[in-house]
Amino acid sequence: MYPKLIWNLARIKANCQIMVAACKTRNLELVGVVKLGAGQEKIVRTLIAAGITTIADSRILNLQQFAHLPVKKMLLRFPMLSEIPSIVDIVDCVLVSELVTIQALNHAAQQINKKIEIILMIETGDIREGLWDETLIFQTVASISSLTHLILKGLGTNFACFGATIPTVAKLNQLTMLKQKLEQQFNITLPIISCGNSSHITIWDSPDLKPALNQIRSGTALLMGLGLNDEPIPFLYQDNVWLEAEIIELQIKPSASIGERGLDAFGRVKEFNDIGNRVKAIIALGRQDCAFEELIPFEKGITILGQSSDHTILDVTDYCGQLVIGDIIKFKTTYLANLMLGTSCYVKKEFLEE
């Protein structure tokens with residue numbers, strides 16, 4: 112059955128083992144982020160077998176798929192108030208910033224008599240999530256100290272997501288200074304500074320980094336072998352996941368549409384470069400599954416022309432091989448492609464273990 116997203120679990124396991132060892136030598140706890148897997152238990156089991164002790168995901172529906180697995184579970188995205196009652200019996204650690212959410216989490220944990228760890232997220236410039244104002248940070252920590260069923264394990268931050276801000280030693284060391292000030296002010300111990308994602312690899316060997324920076328949350332490095340700016344990490348495997356799709360039409364057609372044009376299926380104006388007739392293939396995959404801009408054909412001579420909701424049109428004129436109906440075209444996938452394809456119920460998931 113196609114289209115099919117294929118995960119090479121053997122290479123992912125190798126990546127994970129390499130990263131676990133590399134983090135250990137740098138006094139870093141490695142949290143395995145599995146949101147790219149969209150709830151696939153086989154991926155989680157692979158990471159556990161490779162030494163991961165904490166699994167993190169942004170979606171509670173995914174974490175529910177792993178509830179029975181013997182691994183610590185972290186909720187990455189701040190919980191909605193409406194979902195807090197359904198998460199406290201599943202998660203062990205939650206990233207948070209809003210006091211009202213923290214109080215609701217404590218109340219729900221109290222109802223089932225469970226202690227839940229929290230990491231207070233601090234804004235360091237990526238302008239996505241986290242507390243920015245230092246006064247508010249201190250007020251929030253003061254309020255947390257009176258809560259009975261939450262354990263403030265430390266501080267966290269994020270880089271290279273929404274604001275594309277790269278991690279720096281200076282910003283992270285400011286976070287350690289904040290940790291010290293909070294510990295002194297409230298006479299507490301904050302054992303964790305969760306200092307970001309796979310992008311942290313670019314600076315993790317800086318001699319100026321403080322030892323208090325002791326946790327990273329990594330998914331792209333483990334599953335795709337990529338780091339900051341989607342650059343390959345030299346000591347990890349890439350091409351651990353790819354897409355295969357089936358040709359459903361193969362014909363010679365004009366390169367430009369014929370007749371008066373309106374808007375396409377998505378309300379956009381289309382322009383064509385008329386270069387005469389071309390050999391075109393249609394594969395059974397559409398924008399509903401994945402945007403074509405996030406796919407790269409493995410074979411030379413194949414160009415993606417565009418999509419409708421259910422079809423992707425290829426120019427295969429320059430392909431040196433022989434194609435027929437039913438042939439399979441293989442594509443490299445970006446991070447965003449894997450997110451989209453992993454979520455689509457119309458895309459089969461297959462796992463290679465050797």
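For the sequence shown, my numbering puts the final residue at 465, and the numbers step up evenly by one.
Idealized CB from N, CA, C, for every residue including glycine.
Check                                                                                                        : Outcome
Per DSSP, the bridge partner or partners of residue 418                                                      : 423
For residue 443: DSSP bridge partner residues                                                                : 353 and 407
Backbone CA spacing between residue 287 and residue 323 [nearest angstrom]                                   : 6 Å
Inter-stretch contact (C-beta, 8 Å, three-pair minimum) for the segment 433-444 and the segment 343-360      : yes
8 Å Cβ shell around residue 459 - same chain, five flanking residues per side excluded                       : 112, 113, 114, 115 and 116
Identity of the residue in 261, 425, 451 and 456 nearest residue 441 by Cα                                   : 425
CB contact flag (residue 329, residue 142, <8 Å)                                                             : yes
Residue 185 (DSSP reduced to helix, strand or coil)                                                          : strand
Expected contact under 8 Å - CB spacing of residue 325 and residue 303 to nearest Å                          : 6 Å
Pick from 176, 210, 394 and 180 that is closest to residue 418, judged by C-alpha positions                  : 394
Residue 204 - partner residues in DSSP beta bridges                                                          : 185 and 228
Contact the segment 156-172 vs the segment 215-230: 3+ CB pairs below 8 Å                                    : no
Nearest-angstrom Cα separation, counted from residue 318 out to residue 284                                  : 12 Å
Completely contained beta strand (DSSP E) runs for the segment 278-342, where each covers 3 or more residues : 303-305 and 326-329
Among 201, 190 and 198, the one whose alpha carbon lies nearest that of residue 207                          : 190
Identity of the residues DSSP links to residue 176 by a beta bridge                                          : Residue 176 is not bridged to any residue.
First and last residue of the uninterrupted beta strand (DSSP E) at residue 388                              : 388-394
Cβ neighbour criterion (16 or more within 10 Å) applied to residue 372                                       : exposed
Cβ-based neighbour list, residue 310, same chain, cut-off 7 Å, excluding 5 preceding and 5 following         : 270, 271, 277, 278, 338 and 339
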